[in-house]
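Sequential numbering of the sequence shown, starting at 12, is according to this note's numbering. Just below is one structure, and these are the notes that go with it.
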Amino acid sequence: MIACGRKIRVYSFAGLAEHTMGQFGFYMLNFMLFIQSAGSCISYFILVADTLPVLLSIYVPQYPILGDRQLMTILISVILIFPLNLFRSIGALARWSAFAVFLLPIMVLTVLIRAPSYAGQHDAPLLAIGRDPVAATGIMSFAFVCSQVAFSNYLSQRNQSLSAWSKTSAFSTLLSWVISISFAVVGYLSFGVDADANIFSNFPVDDHVINIGRLALGVSMILTVPMAFYPARDAIQKTLGLETTQKQPNNLQHYSLTVILFTIFLATGVNLRSLGKVYSVVGGIASSCLAYIIPGYAYLKVFRPFTPTSVSGEPSERIAFAKSTTDDLADENLTSSWILSACSVLLLAFGSMVMVLTAIGAFK
């Protein structure tokens, strides 16, 4: 994606999609971003419902109403989460976002400390193939997709050369994979085939160490919902033409859309219990498109490794303009790499397969 951006001097995901796929690409990208962000919001509401009401029912048993899953999730969401979604810019939540990140080590440590205690109580075959590999692929896509922030991260680098970006992205991807696979291995070896999508649901409710992690997760989700809500709202605003480089939504449009989307996401999250299903469907459809299909197609379209010409152009008026510090050095004559070309074909084929199989499985 970054090579494509350097080639055509477009430094936004939406700009790249529109350059390579036209108006259809712009609207498809915003639709997939909405599905991805909406799925994230819904999954966070499910996690709030799976943690805080459980803790309240254990530690405040004299008030049974506090353990009501739906009622408490609605109250917590309306009182604590909804006000955080009223700002126009996500930048207003920077401090809350940082606090949510600081809660992550608490969650990880509680699981790593307690999970080994349950090892041996569950069947964990090492060579078995899971019941639904396609759903698992969708879940991994949902967890790892980050192409929508690739250009933002690239533009934030002091050294914006392609070689520097290659090193940065390779290191961050490897580190993310190591952390995730370590967590997954501990969870699987401890709970085996009985492992739940929400790892805290695998532990008994009277495990006080784990309940510290549950509390951290619940509070973190309260602060994390807006991080997914803002992109979802932005995608709808751009699709409806309410937000462009020339205008912003008025107060009525902004608050009306906020209330409508929040109500839909909350109602869905409160009534759903299958976190894994949300992950697999959203990941298989939206994340596979964002992570595999669009980047793969964009590279083949921009560099056209199988034809003698390539694409170049200027940023669309509908896309906010961004400039790289290396624009003056950017080489419009960048040529395609056979490795990247092969990877692009594989990404396109793999993403399409996952999307189709997930859609078929979801609507059976």
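Cβ atoms here follow ideal geometry from the backbone N, Cα and C, with glycine treated the same way. Bear in mind the structure is a predicted one, so any value in this text is a computation, not a measurement.
{"Item": "Could you tell me the boundaries of the alpha helix (DSSP H) in which Arg99 lies?", "Value": "Neither: Arg99 is in no alpha helix (DSSP H) and is coded neither H nor E."}
{"Item": "Candidates Ser352, Leu358, Asn213, Leu283: which alpha carbon is nearest Ile57's?", "Value": "Leu283"}
{"Item": "Three-state secondary structure (DSSP) at Glu254?", "Value": "coil"}
{"Item": "With a threshold of 16 other CB atoms inside 10 Å of the CB of Ala105, please say whether the residue is buried or exposed.", "Value": "exposed"}
{"Item": "Take Trp107 and list the residues in its own chain whose beta-carbon comes closer than 6 Å to its own, dropping the five residues that flank it on each side.", "Value": "Leu234"}
{"Item": "Rounding to the nearest angstrom, what Cα-Cα distance links Ala278 and Met232 in this structure?", "Value": "16 Å"}
{"Item": "Between Val220, Gly280, Gly372, Lys258, which lies nearest to Ile117 when the distance is taken from Cα to Cα?", "Value": "Val220"}
{"Item": "Locate the alpha helix (DSSP H) running through Tyr38, then write down its first and last residues.", "Value": "24-70"}
{"Item": "Once DSSP output is grouped into helix, strand and coil, what is the label at Tyr74?", "Value": "coil"}
{"Item": "Tell me the residue span of the alpha helix (DSSP H) that contains His265.", "Value": "262-282"}
{"Item": "Could you tell me the distance, in whole angstroms, from the CA atom of Asp61 to the CA atom of Val216?", "Value": "11 Å"}
{"Item": "For the region 161-247, list the beta strand (DSSP E) runs that are entirely contained and at least 3 residues long, ordered along the chain.", "Value": "none"}
{"Item": "At the level of alpha carbons, what is the spacing between Leu91 and Tyr74?", "Value": "20 Å"}
{"Item": "Can you grab the Cα-Cα spacing for the pair Pro136 / Ala206, in whole Å?", "Value": "13 Å"}
{"Item": "Note down the Cα distance separating Ile101 from Leu268, rounded to an integer number of angstroms.", "Value": "16 Å"}
{"Item": "Report the three-state DSSP secondary structure of Ala130 (helix, strand or coil).", "Value": "coil"}
{"Item": "Between which two residues does the alpha helix (DSSP H) harbouring Pro144 extend?", "Value": "144-155"}
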